[in-house]
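Working notes, beginning with the structure itself.
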Amino acid sequence: MKKIKAIFYIICVVFGLMTASCVDDDSFTTSASDVLSFSVDTLSLDTTFSNVPTPTKTMWVYNRAGKGIRCQSVRLESGNQNGFRVNVDGTYLGQTSGFQTQDVEIRKGDSIRVFVELTSKLQHTDVPNLVEDNLIFLLESGVQQKVNLNAYSWDAEFLKDKIIAKGVNEVFSNQGKPIVVYGGIKVDSTATLTIKPGVKLYFHENAGLDVYGTLKIEGEKGNEVLLRGDRIDNMFDYLPYDRTPGQWQGLRLRSSSVGNKIQFADIHSAYNGIMVDSCHDETVSKLSKLELLQSTVHNCQGYGVMVDSAAIVKIENCQISNTLNHCLYVYGGSVTMNYTTLAQFYPFDSRRKSALGFKAPVYQLDVTNSLVTGYADDEVVWTPVEEQPLKANFSYSVLRTVEMNDKDKEKCPDVVFGDSILYEKGDSIEREGKYIFFGKEHFVKFDTDNLVYDFRLLSKSAAVGWANPKSSAPDRDGTEREQEKPDAGCYQHREKAEESESGK
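Take the sequence shown: its letters are residues -20 to -1, 1 to 484, numbered as in mature numbering (1 follows the signal peptide of the UniProt record, and there is no 0).
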């Protein structure tokens, strides 16, 4: 009998404690000192194009008080006037509810999640315009708390599945607005697309520029043409999507395409930067396929520039850098490359290919006054074919590759071989009593954490003063080179660039 009483007593005590706990959990404070905490005070949706929905961003609302907190209401201060859409703990703040929800309970130690999107209206300006609203939390105590929601909205011109028909000459001029491309742009055979200085093309995923006719990109010094992906928001707070590869398809010059010229263009974050198809027609194969001048092709998930058989290509004062496949790959084409930097420091995959690759039968490959470098010990890779001589010549260049044999070396006058076997001090060799540097040590900025690169030269680079003074030409930025000792690669070394970076 005593055992039964003891068991009954224990059950009553446990039940009492559980009841007290539940009562405590169910109690809500009305004290003005008990407030909510937020994962952010301001939720920014970065920059977006007007009338284009943003990706969803989230924030957390925490109750760190000793009791539960009840919100009389959670509402958008301006309703839907600015285009924000909000979901609070599974409840959408829509028009039918007056863009608010009521009686939101957050128990002590608990949290809820808030989801925010934006489709902003036209701003009628040529520059990004601030769009904002406030999410208001009215507590049962009468305390009002708010989180600011904001973004920058940018009006744009939109093209979808754009086709420039045969025989048509179309011009894209700078109207002050970016051009957002969905589905791609096709330039039909015998058609010409001319892109004027200052035009900015933002390509959606899987969109690209497909040329069967002729492409003329006419950028100017200080007013370049931009081709990139249309994600203008951030992947992380410190990392814009624009610094990640494969955001759009890139450029493709088809077999029928000839007479293409690209100058002062910035082409980056594509899958393939520029694909140059072979020329099957004998007449077409004798014409210039592409002139790529004072331009950048950077951060590609495939090739930087790929040249197929029988295509005649000239590359001068260009930067081609950071690609998963070769920065420049020549397969049977005829390519002259002068004052160009091939820099293979693709950070996303250790299986990246070399800076320069070529495979016989190469009709002709002439590399002059250029810098070819990267992470690997050998950044110049070719695939020989039996009984076919190597038709490649290198002069006045700095190559990160193994030193060639005596027979092939005859084709390489005034070439510095940056083979790691020769290094005497880290990534350098000694010349005229001082160490000169190779690999990433060539360059002004090399920030692999934030994926920011500046491939202009430091004074200690082996490329400084190594080019042929008889063939000097303005560099990638349009700056005149030194006449007596120009630098190999696309950039002429400037002390100001080095000083500005070292002072940061």
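Note that CB positions come from ideal geometry on N, CA and C, so glycine has one too.
How about residue i and residue j: do their beta carbons lie closer than 8 Å?
{"i": "residue 289", "j": "residue 309", "result": "no"}
{"i": "residue 136", "j": "residue 98", "result": "no"}
{"i": "residue 274", "j": "residue 297", "result": "yes"}
{"i": "residue 143", "j": "residue 166", "result": "yes"}
{"i": "residue 16", "j": "residue 43", "result": "yes"}
{"i": "residue 54", "j": "residue 10", "result": "no"}
{"i": "residue 49", "j": "residue 118", "result": "no"}
{"i": "residue 348", "j": "residue 376", "result": "yes"}
{"i": "residue 363", "j": "residue 340", "result": "yes"}
{"i": "residue 182", "j": "residue 151", "result": "no"}
{"i": "residue 258", "j": "residue 169", "result": "no"}
{"i": "residue 211", "j": "residue 227", "result": "yes"}
{"i": "residue 471", "j": "residue 276", "result": "no"}
{"i": "residue 445", "j": "residue 425", "result": "no"}
Compare the Cα-Cα distances from residue i to each of the options and report the closest residue.
{"i": "residue 106", "options": "258, 155 and 186", "result": "155"}
{"i": "residue 360", "options": "348, 337, 375 and 345", "result": "337"}
{"i": "residue 39", "options": "303, 327, 19 and 124", "result": "19"}
{"i": "residue 255", "options": "218, 306, 57 and 454", "result": "306"}
{"i": "residue 57", "options": "114, 31 and 194", "result": "114"}
{"i": "residue 222", "options": "234, 230, 209 and 229", "result": "209"}
{"i": "residue 246", "options": "204, 279 and 217", "result": "204"}
{"i": "residue 429", "options": "455, 74, 326 and 396", "result": "326"}
{"i": "residue 283", "options": "276, 179, 123 and 253", "result": "253"}
{"i": "residue 272", "options": "230, 237 and 317", "result": "317"}
{"i": "residue 251", "options": "184, 295 and 95", "result": "184"}
{"i": "residue 45", "options": "88, 75, 179 and 78", "result": "88"}
{"i": "residue 356", "options": "380, 341 and 340", "result": "380"}
{"i": "residue 303", "options": "248, 77 and 218", "result": "248"}
{"i": "residue 171", "options": "164, 139, 195 and 451", "result": "195"}
{"i": "residue 438", "options": "23, 422 and 238", "result": "422"}
{"i": "residue 293", "options": "123, 268 and 300", "result": "268"}
For residue i, write down the residues that DSSP places opposite it in a beta bridge.
{"i": "residue 435", "result": "None, per the DSSP bridge assignment."}
{"i": "residue 323", "result": "301 and 353"}
{"i": "residue 278", "result": "248 and 301"}
{"i": "residue 28", "result": "133"}
{"i": "residue 229", "result": "DSSP, once it has assigned bridges, lists no residue as partnering residue 229."}
{"i": "residue 48", "result": "8"}
{"i": "residue 372", "result": "345"}
{"i": "residue 54", "result": "81 and 117"}
{"i": "residue 381", "result": "According to DSSP, which records beta bridges pairwise, residue 381 is partnered with nothing at all."}
{"i": "residue 124", "result": "118"}
{"i": "residue 208", "result": "182"}
Mapping the DSSP letters down to three states, classify residue i as helix, strand or coil.
{"i": "residue 222", "result": "helix"}
{"i": "residue 142", "result": "strand"}
{"i": "residue -13", "result": "The predicted position of residue -13 is uncertain, since its pLDDT is 49 and thus under 50; a value taken from the coordinates is nonetheless stated next. Residue -13: helix per DSSP, three-state reduction."}
{"i": "residue 348", "result": "strand"}
{"i": "residue 269", "result": "strand"}
{"i": "residue 76", "result": "helix"}
{"i": "residue 163", "result": "strand"}
{"i": "residue 451", "result": "helix"}
{"i": "residue 176", "result": "coil"}
{"i": "residue 312", "result": "coil"}
{"i": "residue 419", "result": "helix"}
{"i": "residue 296", "result": "strand"}
{"i": "residue 198", "result": "strand"}
{"i": "residue 475", "result": "helix"}
{"i": "residue 103", "result": "coil"}
{"i": "residue 148", "result": "coil"}
{"i": "residue 97", "result": "strand"}
{"i": "residue 15", "result": "coil"}
{"i": "residue 362", "result": "strand"}
{"i": "residue 289", "result": "coil"}
{"i": "residue 112", "result": "strand"}
{"i": "residue 446", "result": "coil"}
{"i": "residue 337", "result": "strand"}
{"i": "residue 65", "result": "strand"}
{"i": "residue 428", "result": "coil"}
{"i": "residue 459", "result": "coil"}
{"i": "residue 186", "result": "coil"}
{"i": "residue 240", "result": "strand"}
{"i": "residue 22", "result": "strand"}
{"i": "residue 34", "result": "coil"}
{"i": "residue 60", "result": "coil"}
May I ask whether a heavy atom of the ligand NAP can be found less than 7 Å away from the beta carbon of residue i?
{"i": "residue 314", "result": "No copy of the ligand NAP appears in this structure; indeed no ligand is present at all."}
Round the Cβ separation of residue i and residue j to the nearest angstrom and send it over; I've been treating them as touching at under 8 Å.
{"i": "residue 126", "j": "residue 116", "result": "5 Å"}
{"i": "residue 225", "j": "residue 149", "result": "That belief does not hold up - the Cβ atoms of residue 225 and residue 149 are roughly 33 Å apart, past 8 Å."}
{"i": "residue 378", "j": "residue 468", "result": "5 Å"}
{"i": "residue 84", "j": "residue 96", "result": "With a Cβ gap of about 16 Å, residue 84 and residue 96 do not count as contacting."}
{"i": "residue 34", "j": "residue 217", "result": "Residue 34 to residue 217, Cβ: 16 Å. No contact."}
{"i": "residue 74", "j": "residue 111", "result": "With 8 Å as the limit, residue 74 and residue 111 do not qualify as a contact, their Cβ atoms being about 19 Å apart."}
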